[in-house]
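One structure is given below, encoded as structure tokens.
There are 2 protein chains.
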Amino acid sequence: MSEKGLLFVLSGPSGVGKGTVRRAVFEDENTNFSYSISMTTRTKRPGEEEGVDYYFRTKEEFELLIEKDELLEYAQFVDNYYGTPLEYVEKTLSEGQDVFLEIEVQGAMQVREKMPEAVFIFLTPPNLSELKNRIVGRGTETSDVVDKRMETAHHEIEMMKHYDYAVVNDEVELAVEKIKDIVRIEHMRTKWMYPKYRSMLDEIVE
Amino acid sequence: MSEKGLLFVLSGPSGVGKGTVRRAVFEDENTNFSYSISMTTRTKRPGEEEGVDYYFRTKEEFELLIEKDELLEYAQFVDNYYGTPLEYVEKTLSEGQDVFLEIEVQGAMQVREKMPEAVFIFLTPPNLSELKNRIVGRGTETSDVVDKRMETAHHEIEMMKHYDYAVVNDEVELAVEKIKDIVRIEHMRTKWMYPKYRSMLDEIVE
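So the protein lines, in turn, are chains A and C. With positions in the first sequence counted from 1, the corresponding number in this note's numbering is that position plus 8. With positions in the second sequence counted from 1, the corresponding number in this note's numbering is that position plus 8.
This is the structure we're talking about:
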């Protein structure tokens, strides 16, 4: 009856509050996710520890891992690489433990390629009135600014299509509850329940 | 921002407790489903009302509806037909109201053909030990009886594959909570959220 863990990927437009929601998910006492430590080529800051905050690697080491296809996803920001080591995620899932990743949208699309069975959650900007405020402002913006924001909003919403669920980030607590519901419900999918029941029957026969 | 309602179909092996769970779902004060009244050719019993308990129709009338493809699903038990009128379900969904059907497995497969976007929930017999009890009994059954039950259990579990979710019916209250979670989560799917956000953007532009 060994059951594989599920991979949950939280992503969304920049500034939507992914990091805050991810921290709240991990702090919630009713969640039990394995935390996948990222790898980076940026310099270690005072107080940061190898294997705790990040795995710190040189650019050459990192690029070798890219070449050997040992990263589930990676991205480059400014001059540094950031990525998720594949081995840890695969090992954790095979031990029946769920993994939760909070990554940027380009990384999420790489995970979709490598692990299409993962569950993709898109954190969205809040409701209509707030969206309108973000775009139109107080009505004192130039039409250029409004057009540009509108374009960004369109682009962000188009990204949603590549995800399974859209969770509105109105309030962090509510977003966390929704994510916990998604996790619980995803485990009830027949694609996981069916093999479980099959092996239960096999145990009876033995 | 008019949103279509979702159709939820609860089914499962006979004797698993579908009716009890369905009643509890409708009685729960936090659910708000439209109740689709079934149509039948069986005789009206004392106290039953037309359009409340069932729509009572003659066999000829029922068969005409089958012919005209006006039933979402139907089945024959003993000498009578039972079915779900399509028009009511379509009208209710188009008004943005969720519909919840509790039907037999053969009916659920017909709904899958006609409305593949519906959410299919399979109510399963409880956990391993109870399943074992149901099959092996107290160990005093003949092996023929055990074999027959095992075959039934296998058959039931194979049916699970045609559904989206498997909800274990350990306790009615827990099963109801899981179903409510599924309903909430299904509304967060990007396939529904995306058009909603698109029309929100369109409203801002107008």
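Here a beta-carbon is modelled for each residue, glycine too, at the ideal position from N, C-alpha and C. All values reported here derive from a predicted model rather than from experimental measurement.
Residues sharing a beta bridge with residue i, DSSP
i, result
"A:P93", "A:L79"
"A:M47", "A:Y63, A:G91"
"C:S19", "C:F130"
"A:E58", "A:Y62"
"A:E138", "DSSP output for A:E138 lists no bridge partner at all."
"A:S42", "A:V107"
"C:F34", "Answer is none; C:F34 lacks a bridge partner."
"C:R197", "A:Y173"
"C:F85", "C:N88"
Residues that residue i contacts on chain A, provided the C-beta gap is smaller than 9 Å
i, result
"C:A32", "Ordered by position in chain A, no residue passes the 9 Å Cβ test against C:A32, which lies about 18 Å from the chain."
"C:V144", "I212"
Residues near residue i by beta carbon distance below 8 Å, same chain, minus five either side
i, result
"C:E181", "A32"
"C:H163", "none"
"A:L139", "P133, A161"
"C:M9", "With a pLDDT of only 43 at C:M9, under 50, the local geometry of the prediction cannot be trusted, and no value is derived from it."
"C:S22", "E112"
"A:G188", "Gly is not the amino acid found at residue 188 of chain A; the sequence shown has Lys there. Here the set comprises V33, D36, N38, T39."
"A:M158", "I143"
Partner residues on chain A for residue i, Cβ-Cβ distance less than 7 Å
i, result
"C:K140", "I212"
"C:E190", "The sequence shown places Ile at residue 190 of chain C, rather than the Glu named in the question. The contacting residues are I193."
"C:H162", "L209"
Same chain, Cβ closer than 6 Å to residue i, five either side skipped, listed in chain order
i, result
"C:F215", "The structure shown has nothing for residue 215 of chain C, since chain C only spans 9 to 214."
"C:I212", "none"
"C:E78", "L94"
"A:Y190", "Per the sequence presented here, residue 190 of chain A reads as Ile, with Tyr not at that position. Contacts found: Y173."
"C:A183", "V29, V175, N177"
"C:K12", "L101"
"C:E58", "F64"
"A:F70", "T49, Y89"
"A:K52", "F64"
Residues near residue i in its chain [Cβ-Cβ closer than 7 Å; skip 5 each side]
i, result
"C:Q114", "A83"
"C:K26", "L18, S19, G20, E110, L131"
"A:Y43", "F34"
"C:E194", "L14, V127"
"A:S46", "Y62, Y90, G91, T92"
"C:R50", "N88"
"C:E125", "none"
"A:T198", "none"
Distance between beta carbons of residue j and residue i, contact taken as under 8 Å
i, j, result
"C:I111", "C:T92", "7 Å"
"C:F128", "C:A116", "6 Å"
"C:T150", "C:N88", "In fact, because the Cβ distance is near 35 Å, the residues do not count as touching under 8 Å."
"C:N141", "C:V29", "Going by Cβ atoms, the distance from C:N141 to C:V29 rounds to 20 Å, so no, they are not a contact pair."
"A:V97", "A:L15", "7 Å"
"A:L73", "A:V119", "The pair is not a contact, with the Cβ atoms about 16 Å apart (cut-off 8 Å)."
"A:K67", "C:M196", "So it is not a contact: roughly 40 Å between Cβ atoms."
Proximal residues of chain C, C-beta to C-beta of residue i below 9 Å
i, result
"A:R120", "Simply none; closest approach about 13 Å."
Within chain A, the residues that residue i reaches when beta carbons sit closer than 8 Å
i, result
"C:V175", "M196"
"C:V172", "The identity of residue 172 of chain C in the sequence shown is Asp, whereas the question assumes Val. Within 8 Å Cβ-Cβ: R197, T198."
"C:T132", "M201, Y205"
Interface partners of residue i on chain C, CB under 7 Å
i, result
"A:K12", "What A:K12 touches in chain C: nothing, since even the nearest Cβ is about 16 Å away."
"A:K169", "T198, Y202"
"A:K186", "M196"
Contact set between residue i and chain D, taken where Cβ atoms lie within less than 8 Å
i, result
"C:I165", "Looking for chain D here will not work: the only protein chains present are A and C."
Do the segment 49-66 of chain C and the segment 139-155 of chain C meet, that is, are 3 or more Cβ pairs less than 8 Å apart?
no
Tell me, please, whether the segment 89-105 of chain C touches the segment 149-166 of chain C by the rule of three or more beta-carbon pairs shorter than 8 Å.
no
Per the contact definition of three or more C-beta pairs closer than 8 Å, is the segment 192-211 of chain C in contact with the segment 202-211 of chain A?
Short answer: they don't touch.
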